[in-house]
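Beneath this line is the structure, given in structure tokens, with notes to follow.
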Amino acid sequence: MPIDLRSDTVTKPTPGMRAAMAAADVGDDERDGDPTTRRLEERVAKMLGKEDSLFFPSGVMANQAAVWLLAPRATEVLADVDAHIVHSEIAGVAALAGAQILAVVPSGGRVMSADDVRGAFRPRSRYYPAPGLVCVENTHNGAGGVIVPLDEFCEICAVAREHEVPVHLDGARLWNASIASGVSLPQLSAPADTVMVDLSKGLGAPIGAMLAGTRDAMERAWTARKLFGGAMRQSGILAAAALYALDHQLERLADDHENARDMADMLRGLPGVEIVEPDTNIVMVDLVAGQSVPQIAAAAREHGVLVSEWSSTRIRLVTHIDVSADDCRRAAEVLRGALTHRH
Ligand SMILES: *Cc1c(COP(=O)(O)O)cnc(C)c1O
């Protein structure tokens, strides 16, 4: 079995999770409401400090539903230039919501700041598109699992409100941000109108994500989900996996963070290599001396270690429930070898 560090989406349901899925009480969610799905929706809403939440088949669908319900047509969605919603959701914002992305380039830090957002808003004019939504990603995947500090997030939301624009929080890995920073999920969620949290990343559920917000917003999110083909039936089978994950696989995210730090420590200081200090479970390895990412990835693969070729200069390593501390140390040794011998 290779040590698979390509993503925390590769995690497979644990035996306990499979047992919980098999035993789930289910019903027709669209017709009557599925009892286990409802339990998950109520639980996640409470965990995030929102009125209600809605189960989605994927984080992408939940993000796109949020944009669809918050951003009026023919407006702009302000998002970090390296956000998931910019790179990894096709052109959903344009195709589904009829809006366009205004990509915000971080001026100094690793992710867009409140000042960056303030500067990105265009003056109101009949010549320019109007702003429709601000989207913030926490943790920020492409920047290396970076935690957006709470005060910065509050400031971004304040800027958005000055412009009378709502805020969607892409919190696919908000669980990681909360556990690593010690800031509670309701605190991290409060300033946003809607929040997406993923179930199939570090939590280890097979599929799914939750969108949370006001009861009224979730009513409209239900319409968006149906429109996108995501109305569900016996979804309790999947909700049971998520409930199991919240009971048994949430607190352990701290182990993933420790394993990421250990790998970063082992890889730091190699010639031609820069490590982005991991805040959470993602280690970005930047090859700054022209080494080939595909060659390094192939060398690692030969030794049973799978990594993600993030860009032409960046390798991404993601820790998760299916890689142990020993696996991570072994992977770091393999990568050290590959990075030292191949240029
Ligand atoms: C993975 C991810 C998503 C999408 O989630 P899926 O459940 O894979 O559709 C959205 N945003 C971020 C930041 C992600 O990392």
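To convert, note that position 53 of the sequence shown is 1177 in this note's numbering; the numbers rise steadily by one, no gaps.
Even for Gly, the Cβ is constructed at its ideal location relative to N, Cα and C.
task: Would you mind giving the Cβ-Cβ distance between residue 1325 and residue 1297, rounded to the nearest angstrom? I have them listed as a contact below 8 angstroms.
output: Counted from its first residue, the sequence shown places residue 1325 at position 201. Counted from its first residue, the sequence shown places residue 1297 at position 173. Going by Cβ atoms, the distance from residue 1325 to residue 1297 rounds to 6 angstroms, so yes, they are a contact pair.
message: In whole angstroms, give me the CA-to-CA distance for residue 1429 and residue 1127.
response: Position 305 of the sequence shown, counted from the start, is the residue given in the question as residue 1429. Position 3 of the sequence shown, counted from the start, is the residue given in the question as residue 1127. The alpha-carbon atoms of residue 1429 and residue 1127 are separated by roughly 5 angstroms.
query: Mind pulling the beta strand (DSSP E) runs of 3 or more residues that sit fully within the stretch 1203-1266?
result: Listed in chain order, the complete beta strand (DSSP E) runs (minimum 3 residues) inside the stretch 1203-1266 are 1224-1228 and 1254-1261.
message: Using only the alpha-carbon positions, how far apart do residue 1178 and residue 1463 sit?
response: Here the question's residue 1178 lines up with position 54 in the sequence shown. Here the question's residue 1463 lines up with position 339 in the sequence shown. Put simply, the backbone Cα of residue 1178 is about 44 angstroms away from that of residue 1463.
query: Would the C-beta of residue 1300 count as close to ligand 1, meaning under 7 angstroms from any of its heavy atoms?
result: Here residue 1300 refers to the residue found at position 176 when the sequence shown is read from its first residue. Every heavy atom of ligand 1 is 7 angstroms or more from the Cβ of residue 1300, so no.
query: Would you call the stretch 1243-1251 and the stretch 1204-1211 in contact, with 3 or more CB pairs under 8 angstroms?
result: Note that the stretch 1243-1251 does not touch the stretch 1204-1211; fewer than 3 beta-carbon pairs, one per stretch, sit closer than 8 angstroms.
- prompt: With which residues is residue 1180 paired in a DSSP beta bridge?
  reply: Residue numbering aside, residue 1180 sits at position 56 when the sequence shown is read from its first letter. DSSP links residue 1180 through a beta bridge to 1333.
message: Could you check whether residue 1335 and residue 1289 sit closer than 8 angstroms to each other, using their CB atoms as the reference points?
response: On the sequence shown, residue 1289 is found 165 positions in, with the first residue counted as 1. On the sequence shown, residue 1335 is found 211 positions in, with the first residue counted as 1. Cβ atoms of residue 1289 and residue 1335: not closer than 8 angstroms.
message: Can you determine whether any heavy atom of ligand 1 sits closer than 7 angstroms to the C-beta of residue 1333, and answer yes or no?
response: Position 209 of the sequence shown holds residue 1333. Correct: residue 1333 has its Cβ closer than 7 angstroms to ligand 1.
- prompt: Would the C-beta of residue 1287 count as close to ligand 1, meaning under 7 angstroms from any of its heavy atoms?
  reply: Along the sequence shown, read from residue 1 onward, the residue named residue 1287 stands at position 163. Exclusion of residue 1287 from the 7 angstroms shell around ligand 1 follows from its C-beta lying no nearer than that to any non-hydrogen atom of the ligand.
query: Given 8 angstroms as the limit, is there contact between the stretch 1434-1444 and the stretch 1380-1398, that is, 3 or more CB pairs closer than that?
result: Output reads yes: the stretch 1380-1398 touches the stretch 1434-1444.
query: Between the stretch 1170-1187 and the stretch 1226-1239, do three or more beta carbon pairs fall short of 8 angstroms?
result: Cβ pair count under 8 angstroms is below three, so no.
message: When you measure from the CB of residue 1324 to every non-hydrogen atom of ligand 1, does any distance come out below 7 angstroms?
response: What you label residue 1324 is simply residue 200 of the sequence shown in a count that begins at 1. Residue 1324: yes, Cβ under 7 angstroms from ligand 1.
- prompt: Closer than 7 angstroms: is that where the CB of residue 1211 sits relative to any heavy atom of ligand 1?
  reply: Within the sequence shown, residue 1211 is the residue found at index 87, counting from 1. For ligand 1, not one heavy atom lies less than 7 angstroms from the Cβ of residue 1211.
- prompt: In chain order, what residues of the same chain lie with their CB nearer than 7 angstroms to the CB of residue 1228, ignoring the 5 residues before and after it?
  reply: Taking the first residue of the sequence shown as position 1, residue 1228 is located at position 104. Excluding residues up to 5 positions away in sequence, 1202, 1203, 1204, 1205, 1236, 1240, 1241 and 1244 lie with their Cβ nearer than 7 angstroms to the Cβ of residue 1228 in the same chain.
message: Just to confirm, is the Cβ distance from residue 1193 to residue 1355 under 8 angstroms?
response: For the purposes of this step, residue 1193 is taken as the residue at position 69 of the sequence shown. For the purposes of this step, residue 1355 is taken as the residue at position 231 of the sequence shown. No.
task: Would you kindly report the start and end of the unbroken beta strand (DSSP E) that includes residue 1292?
output: Position 168 of the sequence shown holds residue 1292. That run of the beta strand (DSSP E) goes 1291-1295.
query: Is residue 1297 near ligand 1, going by C-beta to nearest heavy atom under 7 angstroms?
result: As a first step, residue 1297 is located in the sequence shown; it is residue number 173 there, counting from the start. Answer for residue 1297: yes, Cβ within range of ligand 1.
query: Could you give the C-beta distance for residue 1197 and residue 1222, rounded to a whole number, given that I count them as a contact under 8 angstroms?
result: The residue labelled residue 1197 in the question sits at position 73 within the sequence shown. The residue labelled residue 1222 in the question sits at position 98 within the sequence shown. Contact flag correct, Cβ pair sits at about 4 angstroms.
Rounded Cβ spacing between residue 1406 and residue 1269 (contact assumed at less than 8 angstroms): Position 282 of the sequence shown holds residue 1406. Position 145 of the sequence shown holds residue 1269. With a contact defined as Cβ atoms closer than 8 angstroms, residue 1406 and residue 1269 qualify at about 3 angstroms.
- prompt: Quick one: what's got a C-beta closer than 6 angstroms to residue 1213's C-beta in the same chain, skipping five residues either side?
  reply: Stepping through the sequence shown from its first residue, residue 1213 is reached at position 89. Answer for residue 1213: 1184, listed in chain order.
query: Looking at C-alpha atoms only, which residue of 1275, 1310 and 1395 is the closest neighbour of residue 1414?
result: Here residue 1414 is taken as the residue at index 290 of the sequence shown, counted from 1. Cα-wise, what sits closest to residue 1414 is 1395.
Run of the beta strand (DSSP E) containing residue 1406, from where it starts to where it stops: Residue 1406 sits at position 282 when you count from the first residue of the sequence shown. Run containing residue 1406: 1406-1411, per the beta strand (DSSP E) assignment.
field: Integer-rounded CB distance, given that residue 1402 should sit under 8 angstroms from residue 1388
entry: On the sequence shown, residue 1388 is found 264 positions in, with the first residue counted as 1. On the sequence shown, residue 1402 is found 278 positions in, with the first residue counted as 1. 5 angstroms between Cβ atoms; contact.
query: Taking all protein chains shown into account, do 16 or more other C-beta atoms lie within 10 angstroms of the C-beta of residue 1291, making it buried, or fewer, making it exposed?
result: In the sequence shown, counting from the first residue as 1, residue 1291 sits at position 167. Burial call: buried.
- prompt: What residue from 1209, 1322 and 1130 has the CA that sits closest to residue 1365's CA?
  reply: Start at 1 with the first residue of the sequence shown, and residue 1365 comes out as number 241. Ranking the options by Cα distance to residue 1365, first place goes to 1322.
- prompt: Which residue's Cα is closest to the Cα of residue 1449: 1139, 1377 and 1423?
  reply: In the sequence shown, the residue the question calls residue 1449 occupies position 325. Of 1139, 1377 and 1423, the residue nearest in Cα terms is 1377.
Close-in-space but distant-in-sequence residues of the same chain around residue 1266 (CB under 6 angstroms, 5 per side omitted): As a position in the sequence shown, residue 1266 is number 142, starting the count at 1. The answer, listed in chain order, is 1206.
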